Amino acid sequence: MSKSLQAIRGMNDILPEQTPLWRYFEGTVARLLDNYGYRQIRMPIVEFTELFKRSIGEVTDIVEKEMYTFDDRNGDSLTLRPEGTAACVRAVLEHGITGGGQVQKLWYIGPMFRHERPQKGRYRQFHQIGLEVFNLEGPDIDAELIVMTWRLWGELGLRDAVKLELNSLGTSESRGRYREALVEFLSAHLDKLDEDSQRRLKTNPLRVLDTKNADTQAVLVDAPKMADYLDDESRAHFEGLKARLDAVGIPYVINPKLVRGLDYYSKTVFEWVTDKLGAQGTVCAGGRYDGLVEQMGGKPTPGVGFAMGIERLVLMLEALDKVPEELSRQVDVYLCAFGEAAELAALSLSERIRDQLPNLRLQINAGAGSFKSQFKKADKSGALYALILGDDELAQQVVGFKPLRGQGEQQSIAWDALAAHLATCVVQG
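Its first residue numbered 1114, the sequence shown is counted upward by one per residue in my numbering.
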């Protein structure tokens, strides 16, 4: 097959056998966020390049190396969004929905794009669910975000596979003092730093803290600690957050090397990490960005949010065997009809059942086929039951009801009683 007829490297098709798990995960998250009072917002996947340069920063790996940027026919520089926060802030500013101190609790879902080296759990087109909250500045909202994710892990059966890491970055002023101390310390050990850390020391020194290089990590053991430079306000905020997590019983560890390399981040940062996915261990990351809205031209506005990678969490569900059994079934009931008259009756009957049981997954055989071939299709579909409608059943206005999984004899069910019977056997379990 020619290269033009293949998917771009790192941008994957999600096939029909995979989508039930994706829909299950996305539906679970959406229902949870609805229950907590969050509203969905949908932004374009393409934005002006300047938006990301302004929000993320021109001297970051994302902007310098990873963005998919192009000029359109009008000569405007456009970029496929590499993350969702900047686009969400742009949207709330453009439409004025945070003006006057209005509290907004928003979430979004969709693809993001970064030109990275593809590997398991990290792709060039990847999918995220993100959440942003504006105009709430206390530790209670930081705690709510973490509590929600903790509840999500419980619903998905993943609590034993994830760990919460916390840190506080302080205000921009206290972080600035810490940055100066860190640069001074690392400059004295420049020859022991890896090449990437030497580069970051000039452009984004806090990012040196999350290096994976063992030699640099050894140097960082004696480096200044962020906690020693926190201002009183940030320290009180962090203690308030920890107190709320303790009250709910959510375990956590303090990771002093957990940072964000962007200046608009402040105070709380957190990550949910796992050891079940190899190198790609972060499944959800969040933090407070009280300076971003102002940086992008708005009035000072507190903000906090998180993003979670759908691919990684789907991989976790599969790796830990947490995929609900019912997702393996395409349908609940498969209706086999034999003969033209029976096919017409089957169509009418199936629609009547759907009216009465809208949550039932009912498939009617499409196209003629022998008794054997239709039953083979019914079994392959994963259906729990087959309904049989031929000339004899049509004359008596009944259907044959045959269990396809487990024990049970075939029986005849009157059309008028079929919906109630299905509700008992399938819908109610």
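Just so you know, even glycine gets a beta-carbon here, dropped at the ideal spot from N, CA and C.
Being a predicted model, the structure only gives us computed values, none of them experimental.
In the structure shown, GLY1267 adopts helical secondary structure according to DSSP, grouped into three states. Note on ILE1367: under 16 other CB atoms within 10 angstroms of its CB, so exposed under the neighbour-count rule.
Our two residues, GLU1130 and GLN1393, have alpha carbons roughly 24 Å apart in a direct line. The three-state secondary structure of PHE1451, taken from DSSP, is coil. Every alpha helix (DSSP H) stretch that sits fully inside the stretch 1304-1370 and reaches 4 residues is listed by chain position as 1308-1316, 1327-1333 and 1345-1361. In the three-state scheme derived from DSSP, where H, G and I count as helix and E and B as strand, ASN1187 is classed as coil. Nearest in C-alpha terms to PRO1157, of all of ALA1327, LEU1531, LEU1128 and GLU1196, is GLU1196.
Pairing GLY1404 with GLY1416, the inter-Cα distance amounts to about 8 Å.
Residue pairing by DSSP places ALA1527 opposite VAL1511 in a beta bridge.
Annotation for CYS1397: the continuous beta strand (DSSP E) segment containing it runs 1395-1401. Under the three-state reduction of DSSP output, ILE1175 falls in the helix class. Selection ALA1327, ASN1326, GLU1506 and THR1324 evaluated against PHE1451 yields GLU1506 as nearest (Cα-Cα). In this structure, DSSP gives GLN1238 an extended state, which the three-state scheme calls strand. In this structure GLY1521 is exposed. Its beta-carbon is surrounded by fewer than 16 other beta-carbon atoms within 10 angstroms. Closest in C-alpha terms to VAL1511, from the list PHE1488, VAL1246 and ALA1532, comes ALA1532. Counting along the chain, GLU1160 sits inside the beta strand (DSSP E) bounded by residues 1159-1161. In the three-state scheme derived from DSSP, where H, G and I count as helix and E and B as strand, VAL1417 is classed as strand. With contacts defined as CB atoms closer than 8 Å, ALA1491 and CYS1538 fail to qualify as a contacting pair.
In terms of Cβ geometry, GLY1391 and LYS1233 form a close pair [threshold 8 Å]. The beta carbon of LEU1164 sits closer than 6 Å to the beta carbons of ALA1199 and ARG1203 from its chain, once the five residues preceding and following it are set aside; these are given in chain order. Beta-bridge analysis with DSSP links PRO1516 to TYR1498.
In this chain, the alpha helix (DSSP H) harbouring SER1287 covers 1285-1300.
Annotated as distal: LEU1322 and GLY1283, with beta-carbon spacing of 8 Å or more. Pairing LEU1244 with TRP1220 gives a Cβ-Cβ distance under 8 Å.
If you look at ASN1148, you'll find it in the alpha helix (DSSP H) that goes 1132-1148.
In the same chain as TYR1181, and ignoring 5 residues on each side of it, the C-beta atoms closer than 7 Å to its own belong to THR1192, LEU1193, PHE1226 and HIS1228, in chain order. With fewer than 16 other Cβ atoms from the protein chains shown falling within 10 Å of its own Cβ, PHE1484 counts as exposed. Restricting attention to LEU1146, LEU1295 and TYR1498, the CA atom closest to the CA of LYS1370 is found in LEU1295.
Fewer than three beta-carbon pairs drawn from the stretch 1452-1472 and the stretch 1418-1428 are found closer than 8 Å, and the two stretches are therefore not classed as touching.
If you compare the alpha carbons of PHE1138, ARG1474 and ARG1290 with that of HIS1240, the shortest gap goes to PHE1138. Distance from ILE1423 to ILE1242 at the Cβ level is roughly 6 Å; contact confirmed, criterion being Cβ atoms closer than 8 Å. For the options ILE1259, LEU1269, GLY1289 and LEU1271, the alpha carbon positioned closest to that of GLU1278 is the one of ILE1259. In the three-state reduction of the DSSP assignment, THR1387 falls in the coil class, being assigned neither a helical nor a strand state.
For GLN1408, the enclosing alpha helix (DSSP H) has its first and last residue at 1405-1408. For LYS1218, the enclosing beta strand (DSSP E) has its first and last residue at 1217-1226.
The beta-bridge partner set that DSSP reports for THR1381 consists of SER1281.
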